[in-house]
Amino acid sequence: MKQFNCFMLMCILFISANNCPAQTINVDYYLSSGGLWPIDADVEVYVRVSCTNANVWIADLNIPLATNNTYITSRNGGILTYPLSEWDSADFKTPNNNTPAGYTNQTLFGWARLAPPYDDNPYLHPSEQRTIASFYIHTVNNSNLVGQVVQGSVMFRSAVDPTGGPINFGDTLGGGGYPNIQQTFHSVTFQDNQVCISDNPRVGTGTSVKGYNHDHVDCYCYQGEVFILRDLSRCSYFSPHHGHGGGGLVWPREIGTSDLSSPTQGYVSNFDTAWTSFNVRPGVDANVYAGLTYDVLNQDLLRNGIDGSGMEYMMSMVNDTLSLLWCGAGYSPVDKSVHYGLTGTPYIQSLAGCFDIVAHEWAHGVTDHGSQLSDGVAPYWESGALNESFSDMFGAYASSVQMPNSKIWRHSEGFRTDDTTLYLRNIAFPDSANLPAIYGGSNWYSGANSDSATHINCGVPDKMFYLLSQGGSNTGNHNGITVDGIGIEDAMKVMFKANTDNQYWSSNSDFFDGRVFSIGAALELESNFGDFSFPTADAWTAVGIYDTTCSYITGNCNTTDSIPNTITDLVFMLNVWNDTTSYSASLCYKCLNPISGDSTAVALDFNGDCQFGMGDIIRFIAILGRAGDPAEYCPFYYPGP
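Here the sequence shown is numbered in our numbering, starting from 33 and rising by one per residue.
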């Protein structure tokens, strides 16, 4: 254990001025919690003032301070206590790095009453020391400096701010630049992060289930005795200095991890902030990865927590001995927590060590508070498979954000020590994990077990998401469809909106509903018609999810039961355009509208924009003169294989 050294920081400044009251103004900087603070922490400093022999009615105060950058890296926050809250401002200026050498300086406080009356101004009294303000400084996160003293320098000192001048303390009678202004800085003891002395958030290091190093483990010093996996760093107060940013949303109060195999089932704990022992590794991964998952939701998808409303807790449970957990991990809608099983098998590692699985399980929580997709109905239990697939999609997307160098399409790769190439799912090629890639195709499960259907048939929307993200063409397996990928970020936004916006997916949505409503979500998100919605439709069609009753023959609305290719057909189209003729409802083949659900005639759509207009007539003329390509079909209405 390192020895603690105290820094007695005393700096007294006497400023001479003519014709000023003969009294001393005392400015005292007092640190909270007895002056005992860790590195990488916010230290609250109270500013107390008093005078020696007469009341001073404060008119203005300007206190420039310089800080030694070795120990203080930033200043944040600050308050004026009553009655100074009536006053104009507390001006925290940008640190000036030019003078004095080796220090930054900044005017911590500068305020003035802007207009009469002045008789309610705060005042100092010789018999009491009044706290007028407080501010926070943030200590550097460098354990090598614990107990170290930089020769000839102190943590912070009185200084001259080029923009504000020297310290000035004036009263309403015109007095200013008092001859005796004394500043006192109290002692500060820095402590090593690995010593638990007072309740405080800390940043430690750790080892993952797979043996990787975590260089940032958010934890908490609990009751001055032990560190626990309780992460408060994403609360608004701590977030700026623990590397998690802001975002302007309401933050959850706590991300934590409990050990269900312990007698108390309490937080996973450790005696220091080096989380390396074998038994704590699943908890470390569960906690770190839950935090990273929250960051993806909050910062990349702009969702305020799992439930969208800043859910108070985001708790994980490791070493769960229940045998009901599918493959060792599961989200519980009862306690709104994610549970990770105690494997008991030497070569099977805790799935808490797979970031994509952690993100996958928390995505079930998003669904639980969103569309609430259930297991669905027999025979294929498609809403359950859609639920499972959405979690696969989110797991891949979250991995692309937080771990872009990983194999994001292979879920849980490396969960076995005997073969680190094994994985549970392959979103890009579901068949490699014995899951179907085509609706009703190879590996399709048609049995009566809902759990099997859910965790097998999810391969179909998985493949759809991969195609939507990356694009692709496979004539043999994808109905001859070429999908233009829109990228994983936009693909996730489409599916996320479909799952969380209550106008789209619902509890019993099947795969066709998944298609229809994700197209609707894509239409709402895209900036130009077809940018997102056409690839979304194509991706679903490529995996066999489309209206199989649609008999789509372009232009077959002219009672000839054949593709139009004459001037007579052109006249027919122009008459339809001018509303002077009708077309045969029986011969103009109809397809189910994927947005409204209505049966819609689309046969006169020649240019593939999913509607009939002058563009179709121009396209037909080009085809008529053999100057153009064949008619294109609308991606929303697949004409069948």
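Don't be surprised by glycine CBs; every beta carbon is placed ideally from N, CA and C.
Helix, strand or coil at residue i according to DSSP, with G and I counted as helix
i: Asn319; result: helix
i: Tyr254; result: strand
i: Ser364; result: strand
i: Leu636; result: coil
i: Ala465; result: helix
i: Arg234; result: strand
i: Tyr62; result: strand
i: Trp307; result: strand
i: Leu656; result: helix
i: Tyr665; result: coil
i: Gln738; result: As shown, the chain starts at 33 and ends at 673. That puts residue 738 outside it, with no answer to give.
i: Pro671; result: coil
i: Leu602; result: helix
i: Asn607; result: helix
i: Asp648; result: helix
i: Val79; result: strand
i: Thr239; result: strand
i: Ser293; result: coil
i: Asp352; result: strand
i: Tyr299; result: strand
i: Ala165; result: strand
i: Arg457; result: strand
i: Ser628; result: coil
i: Tyr244; result: coil
i: Glu414; result: helix
Supposed close pair residue i, residue j - CB separation, criterion 8 Å
i: Tyr670; j: Cys582; result: 7 Å
i: Val249; j: Gly238; result: 4 Å
i: Ser301; j: Val241; result: Contact flag wrong, Cβ pair sits at about 18 Å.
i: Asp533; j: Phe564; result: Rounded, the Cβ-Cβ distance is 14 Å, inconsistent with contact.
i: Pro626; j: Val515; result: Not confirmed; about 16 Å, so no contact.
i: Cys666; j: Asp637; result: 5 Å
i: Thr289; j: Asn311; result: That belief does not hold up - the Cβ atoms of Thr289 and Asn311 are roughly 13 Å apart, past 8 Å.
i: Ile655; j: Met605; result: 12 Å between Cβ atoms; not a contact.
i: Pro493; j: Phe543; result: 7 Å
i: Ser539; j: Ser403; result: 7 Å
CB contact check: residue i to chain D, cutoff 7 Å
i: Ser559; result: No chain D is part of this structure, which consists of one protein chain only.
Rounded straight-line distance, which links the Cα of residue j to that of residue i
i: Ala659; j: Phe566; result: 26 Å
i: Ala480; j: Asn489; result: 13 Å
i: Val603; j: His487; result: 54 Å
i: Cys589; j: Ile599; result: 15 Å
i: Tyr412; j: His396; result: 20 Å
i: Ser464; j: Leu383; result: 20 Å
i: Asn330; j: Gly110; result: 27 Å
i: Phe387; j: Val433; result: 11 Å
i: Val15; j: Ser484; result: Here the chain comprises residues numbered 33 to 673, so residue 15 is not present and cannot be evaluated.
i: Met349; j: Tyr363; result: 10 Å
i: Ile431; j: Ile380; result: For the sequence presented, residue 431 should be read as Ser rather than Ile. If you take the alpha carbons of Ser431 and Ile380, they lie about 22 Å apart.
i: Phe461; j: Asp570; result: 18 Å
i: Asp291; j: Ser341; result: 27 Å
i: Pro53; j: Val77; result: Summary for Pro53: the model assigns pLDDT 48, below 50, so the residue's position carries little reliability, and this model does not support an answer.
i: Arg651; j: Ser559; result: 25 Å
i: Ile440; j: Arg80; result: 56 Å
i: Val181; j: Tyr299; result: Low per-residue confidence applies at Val181: pLDDT is 40, beneath 50, and the placement is therefore not dependable, though the value from the model is reported in the following sentence. About 37 Å.
i: Gly519; j: Gly562; result: 15 Å
i: Asn245; j: Ser309; result: 12 Å
i: Tyr345; j: Ser421; result: 25 Å
i: Gly236; j: Ala322; result: 16 Å
i: Asp400; j: Pro365; result: 7 Å
i: Asn725; j: Ala428; result: In the structure as shown, the chain begins at 33 and stops at 673. Residue 725 is therefore absent and cannot be evaluated.
i: Ser541; j: Thr305; result: 46 Å
i: Met425; j: Leu405; result: 15 Å
i: Thr353; j: Ala361; result: 11 Å
i: Tyr326; j: Met347; result: 12 Å
i: Ser550; j: Gln535; result: 11 Å
i: Ser230; j: Tyr252; result: 10 Å
i: Asn437; j: His443; result: 14 Å
i: Val390; j: Tyr168; result: 36 Å
Runs of alpha helix (DSSP H) wholly within the segment 488 to 571 (minimum 4 residues, chain order) = Counting only runs of 4+ residues, the alpha helix (DSSP H) found wholly inside the segment 488 to 571 occupies 491 to 502, 520 to 532, 543 to 557, in chain order.
Are three or more beta carbon pairs between the segment 643 to 660 and the segment 548 to 555 nearer than 8 Å?
-> Contact between the segment 643 to 660 and the segment 548 to 555 is absent, because fewer than three Cβ pairs lie under 8 Å.
Pairing CB atoms from the segment 324 to 337 with CB atoms from the segment 523 to 540, are three or more of them under 8 Å?
-> The answer is yes - the segment 523 to 540 touches the segment 324 to 337, with three or more Cβ pairs under 8 Å.
Only counting runs of 3 or more residues, tell me where the beta strand (DSSP E) segments fall wholly within the segment 418 to 450, in order along the chain.
-> Segments of the beta strand (DSSP E) lying fully in the segment 418 to 450: there are none.
Entirely enclosed beta strand (DSSP E) segments - the segment 369 to 399, minimum 3 residues | DSSP runs (the beta strand (DSSP E)) wholly in the segment 369 to 399: 369 to 373.
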